[in-house]
Amino acid sequence: MALLTVNNLKKIYTTKLGGNKVEALRDVNFSVEEGEYVAIMGESGSGKTTLLNILASVDRATSGEVLLRGEKTTSVKEAELARFRREHLGFVFQEFNLLDNFSVEDNIYLPLVLAGKKYSEMIPKLQVIAKKLGILEILKKYPYEISGGQKQRTAVARALITEPDILLADEPTGALDSKSSNDLLRTFSDIHKEGQTILMVTHSVRAASHADRVLFIKDGEIFHQIYRGTVDSDEMYKKISDSLTILLAGGDLHE
Amino acid sequence: MSNRLYPKLAASNLKKNKNAFVPFGLSCGMMIAMFYMLASITGQVTDKMFYGARTMKTVLEIGVRICGIFSVAVIFYTNNFLMKRRTRELGLYSILGMEKKHIRKVLFWEVCFVGGLSLLCGLAAGILFSKLMFLVLLNILNLETSFRFVVSFIAIKETAVLFMGIFLVIILYNQISLLRLKPVNLLNEAKAGEKEPKANWILAAVGFVCLGIGYYIALSAKNPIKAMDSFFLAALLVILGTYSLFISGSIAILKLLKKQKSFYYHKKHFITVSFMTYRMKQNAAGLANICILSTAVLVVLSSTVSLYLGLENVMRTRYPKDVRTDALYMPNEDDGEENSYDMSLFEKAIDQQCTKYGVEKENGEGYYALSLVIGFEHGSMFFPADNLHLDSMYIIEGRVLEDFNRITKEDYTLKKGEVLWFDNCSNQEEQIDTIEMGSFSAKIVNKNKSVMDLEKYLIEQDFGIDEILLIVPDRETLVEFSDAYSEFVYENWKKEDGTVNPVQYIYDFDLKGDLQQKITFCNSLRDALNDAGIPHVGTVTDIFTTRQEILGIYGSLFFVGIFIGTLFLLTTALIIYYKQISEGYEDRSRFIILQKVGMSKGEVKKVIHSQILSIFFLPILLAVIHVAFAFPILKRILYMLDLTNVSLFIGCTIGTILIFFLIYAIVYGVTAKVYYRLVNE
C-alpha cells in the first residue's frame, strides 16, 4: 500500500461575494510510496501550493480524498488536526518560519514540547538530528545570529524530530543562495537514503533533479511525471528541463 | 489633488484604524466631559452655599487643574502611540506618490475629525451629566438639593479652549514628526531580530532591596508624625524598586524559569515563558507605570473614601462631646489677683445660655486635665527636644482622682505622693515604679498596662501617639506636676518656648435642639462664659461648625478623588490596551508559525490568554501588594487626621480594590478579544 494516496482532488475557490469561482485543482491523482522522494513542479498559479496546503491539511479540499497510510486525512476532525499534523507530518518552508524568540535548540524542540514529550526524552533525539544536520555548534544561538542555510537546516531538524511519516517541503531552497541550496539538497538526499519519505514542491530544476520522481502540475492537474530510474542528477536535470520546455510550449499553445 | 480628497482620505483612515482611533476618541471625549463637569461644578460653588464652601472651592479648583494636566499628558501619550504605529502606513502614502504636504493635510483632517467629534460629544455628555454630578456632590455634602444648577458657559469656554489647544498642539506635533519621516527607512524595515534580553542581576537585586527597605519602612514607622516623612521615603523606594523589578527582576525570574528544564520544556510554559521574556523587555517600563498609577489610584481612593465615610468617626474622635469649653487653672500665676476658681460657674453659665437659645444640654462633664508631651526611655523621663526621639515620645494625660472615679465609676483611693498609671503603649517594656521629673516624684501604686479604652476616660487620641494616663490625688498635685514639668523642660532644653502646659478645667457637654440654634448658641458661648466671671477661658469649640468645615474638605476631596481616580483608571486602561494591540501586530507572524508547526487554534487561544492575563494582572497584583504594605503607615496617617476606625479603612480599601479589578477585568476582556482577532486575522 502506498504511504500517501491522492484521489480525484478538487479545490474551487469562491470569491467573497460568491461571484467568481476559481478552480485551483481540477482532478489530481497520484500516490507516494514509503521511502520515496517526490518533487512536484509547476509554475506559479499552477496549483502546487494549494495541493501542498491540502496535503498538509491546512486547507480543505472541495472534493476528493487524501489517504495517509490508508487513513483519510480529509476527514480528520478540526479539533484533532493540529495533533494529526504534529504526529504525521513534518514541514519545511521557504521562509524557514523559525521563531525569533527561541534559540535554535528551542525551535527544534518546539513540536515535541507541543506534543507533551518529557524533556529527558527530547535530549537524545535532538543530539542525533543536530549531528546529522551539522548544526550541533549553533544550538544555543538565535535565528538572527545564523545564516540562511543554517536556518533552513534548523527548520529541517524541527520537521524531522517528530519522526514524521512524510516530510513536506515548500520551496525549501527558494530563499537560499546556490551553495546553501546545494548543501540543503544534499541533506535531503541523505535523509532520504535513510528512509525518510519526502514530498517537495519547487520550481527549481536543480532542486527537483535530486528527487526519485518529478510530477508536473499545470492548470490544476498532474500533467506529466518522470522517474529517475538509474540516472544521476545531472541527467535528471536535463530530463526535467526538457519536460519543462514541452510544458511551457504546451502552455503557450493553450492560451 | 482636489481639496475635498483630504477629508475623505482622513475619514477612511479613521475607519480603517478604528481599533486605534475609537479608544482614542472615546477617552478624549470622557476626559472632556469630566473636565467640563468638574469645571462647571467648581464655578457653581459659592461661599454662601454652606460653611465649608470656601475650602471646598479650593480643593475643587486644584482638582480641575490636575484633571487638565492629566488630560494633556494622556492625550499626548496616546497620539504618540498612534503616530508611531502609523509610520508604515504613512510611508506607503509617500511611496505611492503623495507628497508630505498632502499627507500633512490628511493628518490635519484626521485630528480635526477625532478632536472635533470628541469635543462635541464630550461637552454634550458633560452638560448632560454635570447636573447629576452636582446632585451627587450635594448629596456627599449632605446639603439640600435646592440649589439651582445652570449650564456654565464659562466652563464650556474653558473646556473648549483647553482641548482645542491640546488638539492644535497635537496637529503641530504630528506635522513635525512627519518631517522626520523617511520613506526609504520604512520600505526596508529591517527585521533584524531582537537580541534576547539579558538579565541584569545587579539591577534586579537593587530592585528587591529597594522594595524590601521601602516595605520595612512602611511597616516599622511607629510614630505618626514621622509617618508622613517615612511615607514619602517608602513611596520613593517602592517606586524605584517597582521599576527595577519590572525592568530586570522580571527577566531574571523568567531566566531562572528557563533554567528549570523540565519546567520550561512543558507544553504549558514553553511558549509563554519565552514570549514573556521579550514582552517584558519592551513593556517593563510601561507595566511599572501602570503598577504605580494603580497603586496611586488605590491609595488616593481608599483613603479619601474612608475619610469621607469615616467623618463621624473623625468628629467623635476630635469631639468626645458636642461642645468643649475649658479654662486654665493656674492659681500660682495670678499675681495677687484673686480668682475664686469656682468651676461650678461653667455649668451655671451654660445652663443660662441654654435657656436663652432654646437648646438642651446633656451629659455635661467637668474635670481637671493636664496634657504633656514627654520622652520616656529606659525608665527615665526627658523632654524630647528634637525629632530624633519621636519613637520614644508619649503624651501624658494627668487627671484628678475625684474626677476619674466619678467618670469611670471606679473606686480607687490614693494617698499624697501616689499615682495611678494606665497606658495604651504597645512597646513600653520597662518596669518602673516611681515617676521622677525634676522636683516632682510619686509612687506608682497601680500600673495598668492593658490597652485602655481612652474614650471612656474622656481623653482625645492626639495623632495616635502612645498615651499614658496618670491619676493624681488632687488638683494641687496636678499643678505641682505641671510646674515641675515647666522647670524640667527649661533645664533640659534651656528654652522657654510655648511648651509649658498649665492645668485646665475642661467642661464637655452634648447639645440637643435645632442645628441653627446650636450654632448661634456656640458662637456666643465664649462671651457668656467670660461674663459669668470664669477666669482664663481657653478653648470654646463645637462639633457643629467644625463638622461642616471638615465635611467641605473631605467631601470635596472624595468628589475630586473619584474624578481623578477615574482618570487614572482610564489612562491605565488606555496604556495597556494600546500596548497589547501593538503587540498583537508583532505577535501575529509568530502565532502563524506556531500554527504551522502544529499548534491548534484552541492552544493558541490559551497561550494568548495566559499571556495577556499575566501582562494585565501582574502590575495590579503588585499594586495590591504595595497597598497591603502601605496599609499600616496609611492607617497611622489617617489616625493623625483623627480617623480611628480601622475596619472602615480596611473595608474601603478592599472595596476600592474590588471595583478597580472589576473595571480592569472589563478592559482585559475587550483587549483580549481585539488582540485575538488581530492575531488570527
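Residue numbers (the working numbering), protein chains in the order written: chain A, 32 to 286; chain B, 536 to 1216.
All C-beta atoms in this analysis are idealised placements derived from N, C-alpha and C, irrespective of residue type, glycine included.
Here the structure is a predicted model, which is why all the values come from computation and not from measurement.
Handout entry: Run of the alpha helix (DSSP H) containing R934 of chain B, from where it starts to where it stops
Key = Taking the first residue of the second sequence as 1, we reach residue 934 of chain B at position 399. Element bounds for R934 of chain B: not the alpha helix (DSSP H) but the beta strand (DSSP E), M928 to V935.
Practice task
Report back the beta-carbon spacing between M811 of chain B and L789 of chain B to the nearest angstrom; my notes put them in contact at under 8 Å.
Solution key: As a working mapping, residue 811 of chain B is identified with position 276 in the second sequence. As a working mapping, residue 789 of chain B is identified with position 254 in the second sequence. Indeed, because the Cβ distance is near 6 Å, the residues count as touching under 8 Å.
Handout entry: chain A within 8 Å of M815 of chain B, Cβ atoms only
Key = If you number the second sequence from 1, residue 815 of chain B lands on position 280. Closer than 8 Å: no.
Handout entry: Range of the contiguous alpha helix (DSSP H) that encloses N709 of chain B
Key = On the second sequence, position 174 is the one that residue 709 of chain B refers to. Counting along the chain, the alpha helix (DSSP H) containing N709 of chain B begins and ends at F688 to L714.
Handout entry: Beta carbon proximity, R117 of chain A to chain B, threshold 8 Å
Key = Taking the first residue of the first sequence as position 1, residue 117 of chain A is located at position 86. Closer than 8 Å: yes.
Practice task
Inspect the beta-carbon positions of I248 of chain A and L82 of chain A and report whether they are closer than 8 Å.
Solution key: Within the first sequence, residue 248 of chain A is the residue found at index 217, counting from 1. Within the first sequence, residue 82 of chain A is the residue found at index 51, counting from 1. Yes, Cβ-Cβ distance for I248 of chain A and L82 of chain A is below 8 Å.
Handout entry: Min CB distance Y1211 of chain B to chain A below 8 Å
Key = Along the second sequence, read from residue 1 onward, the residue named residue 1211 of chain B stands at position 676. So no, Y1211 of chain B is outside the interface.
Handout entry: the region 825–838 of chain B contacting the region 1094–1101 of chain B, beta-carbon criterion three pairs below 8 Å
Key = yes
Handout entry: Counted within 10 angstroms of its Cβ, other Cβ atoms place S272 of chain A as buried (16 or more) or exposed
Key = Translated into positions along the first sequence, residue 272 of chain A becomes position 241. Exposed, since its Cβ has fewer than 16 Cβ neighbours within 10 Å.
Handout entry: Minimum Cβ-Cβ distance from I521 of chain B to chain A less than 8 Å
Key = In this structure chain B extends from 536 to 1216, so residue 521 of chain B is not present and cannot be described.
Practice task
Please report the residue range of the alpha helix (DSSP H) in which D221 of chain A lies.
Solution key: As a first step, residue 221 of chain A is located in the first sequence; it is residue number 190 there, counting from the start. Taken as a continuous stretch (DSSP letters only), the alpha helix (DSSP H) holding D221 of chain A covers S209 to K224.
Practice task
Quick one: which residues of the region 224–249 of chain A get their C-beta closer than 7 Å to a C-beta of chain B? List them in chain order.
Solution key: none
Problem - Alpha carbon of L595 of chain B to alpha carbon of K172 of chain A, nearest angstrom - result: Looking up residue 595 of chain B in the second sequence gives position 60. Looking up residue 172 of chain A in the first sequence gives position 141. Taking the straight line from one Cα to the other gives about 59 Å.
Problem - Helix, strand or coil at F133 of chain A [DSSP, three-state] - result: For the purposes of this step, residue 133 of chain A is taken as the residue at position 102 of the first sequence. Three-state result, F133 of chain A: coil.
Exercise for the section: Give the interface partners of S838 of chain B over in chain C, defined as CB-CB distance under 7 Å, in chain order. Expected result: Looking at the structure shown, chain C is missing, and the protein chains on hand are A and B.
Exercise for the section: Give a yes or no on whether the minimum CB-CB distance between T276 of chain A and chain B is below 8 Å. Expected result: Numbered from 1 along the first sequence, position 245 holds the residue referred to as residue 276 of chain A. It does not: the Cβ of T276 of chain A has no partner Cβ on chain B nearer than 8 Å.
Handout entry: Three-state secondary structure (DSSP) of R244 of chain A
Key = Numbered from 1 along the first sequence, position 213 holds the residue referred to as residue 244 of chain A. Looking at R244 of chain A - three-state DSSP - the assignment turns out to be strand.
Practice task
Assign P195 of chain A to buried or exposed, taking buried as 16 or more other Cβ atoms, counted over all protein chains shown, within 10 Å of its Cβ.
Solution key: The count along the first sequence starts at 1 and reaches residue 195 of chain A at position 164. Buried: at least 16 other Cβ atoms inside 10 Å.
Practice task
Return the chain-ordered list of same chain residues with a C-beta closer than 8 Å to the C-beta of I160 of chain A, the five sequence neighbours on each side being excluded.
Solution key: In the first sequence, counting from the first residue as 1, residue 160 of chain A sits at position 129. I139, A188, L191 and I192.
Handout entry: is_contact[G147 of chain A, chain B] using C-beta, thresh 8 Å
Key = By 1-based counting over the first sequence, the position of residue 147 of chain A is 116. Closer than 8 Å: yes.
Practice task
Output yes or no for whether 8 Å exceeds the beta carbon distance between L846 of chain B and P1037 of chain B.
Solution key: Residue 846 of chain B sits at position 311 when you count from the first residue of the second sequence. Residue 1037 of chain B sits at position 502 when you count from the first residue of the second sequence. Against a cut-off of 8 Å, the Cβ pair of P1037 of chain B and L846 of chain B comes out as no contact.
Practice task
Indicate the three-state DSSP secondary structure (helix, strand or coil) for N867 of chain B in the structure shown.
Solution key: For the purposes of this step, residue 867 of chain B is identified with residue 332 of the second sequence, where counting begins at 1. In this structure, N867 of chain B counts as helix in the three-state DSSP scheme.
Exercise for the section: Select from B:L1109, B:L1176, B:A1067 and B:D1062 the residue whose C-alpha is nearest the C-alpha of Y1089 of chain B. Expected result: To locate residue 1089 of chain B, count along the second sequence from 1; it is residue 554. The option with the nearest alpha carbon to Y1089 of chain B is B:L1176.
Problem - Beta-carbon gap between G776 of chain B and E895 of chain B smaller than 8 Å - result: Locating residue 776 of chain B in the second sequence gives position 241, where the first residue counts as 1. Locating residue 895 of chain B in the second sequence gives position 360, where the first residue counts as 1. Against a cut-off of 8 Å, the Cβ pair of E895 of chain B and G776 of chain B comes out as no contact.
Problem - N- and C-terminal bounds of the beta strand (DSSP E) containing V894 of chain B - result: Counting from 1 along the second sequence, the entry for residue 894 of chain B is found at position 359. Element bounds for V894 of chain B: n/a, residue is neither H nor E.
Problem - Cross-chain neighbours of E731 of chain B in chain A, by beta carbon under 7 Å - result: The residue you call residue 731 of chain B lines up with position 196 of the second sequence. Result: Y173.
Practice task
Over the uninterrupted beta strand (DSSP E) stretch that includes Q1039 of chain B, give me the two end residues.
Solution key: One-based indexing of the second sequence puts residue 1039 of chain B at position 504. Per DSSP, Q1039 of chain B belongs to the beta strand (DSSP E) from V1038 to K1047.
Practice task
Give me the Cα-Cα distance between L540 of chain B and N709 of chain B, rounded to the nearest whole angstrom.
Solution key: The residue labelled residue 540 of chain B in the question sits at position 5 within the second sequence. The residue labelled residue 709 of chain B in the question sits at position 174 within the second sequence. Distance between the alpha carbons of L540 of chain B and N709 of chain B is about 20 Å.
Handout entry: beta-carbon L768 of chain B near the ligand ATP non-hydrogen atom, thresh 7 Å
Key = What this structure holds is no ligand at all, so the ligand ATP is not there to describe.
Practice task
Tell me whether the beta-carbon of A977 of chain B lies closer than 8 Å to the beta-carbon of E932 of chain B.
Solution key: One-based indexing of the second sequence puts residue 977 of chain B at position 442. One-based indexing of the second sequence puts residue 932 of chain B at position 397. Against a cut-off of 8 Å, the Cβ pair of E932 of chain B and A977 of chain B comes out as no contact.
Exercise for the section: Can you have a look at D1066 of chain B and say buried or exposed, based on whether 16 or more other CB atoms are within 10 angstroms of its CB? Expected result: Within the second sequence, numbered from 1, the residue matching residue 1066 of chain B stands at position 531. Answer is exposed; the Cβ neighbour count stays below 16.
Handout entry: CB contact below 8 Å: A161 of chain A versus chain B
Key = On the first sequence, residue 161 of chain A is found 130 positions in, with the first residue counted as 1. No, no contact with chain B.
Problem - Which listed residue (A:R244, A:L157 and A:V37) has its alpha carbon closest to that of H223 of chain A - result: Mapped onto the first sequence, residue 223 of chain A falls at position 192. When only C-alpha atoms are compared, the closest one is A:R244.
Problem - Minimum C-alpha distance to I675 of chain B - residue among B:V609, B:K550, B:A1063 and B:F1094 - result: Here the question's residue 675 of chain B lines up with position 140 in the second sequence. Nearest option by C-alpha distance: B:F1094.
Practice task
Return the chain-ordered list of same chain residues with a C-beta closer than 8 Å to the C-beta of S134 of chain A, the five sequence neighbours on each side being excluded.
Solution key: Locating residue 134 of chain A in the first sequence gives position 103, counting from the first residue. Non-local beta-carbon contacts of S134 of chain A in its own chain, meaning distances under 8 Å to residues more than five positions away in sequence, involve L170, K171, K172 and Y173 in chain order.
Exercise for the section: Alpha carbon to alpha carbon, how far is T104 of chain A from E286 of chain A? Give it in angstroms, no decimals. Expected result: One-based indexing of the first sequence puts residue 286 of chain A at position 255. One-based indexing of the first sequence puts residue 104 of chain A at position 73. Note on E286 of chain A: pLDDT 32, under 50, position unreliable in the model; the coordinate value appears next. Using only the alpha carbons, I get a separation of about 35 Å.
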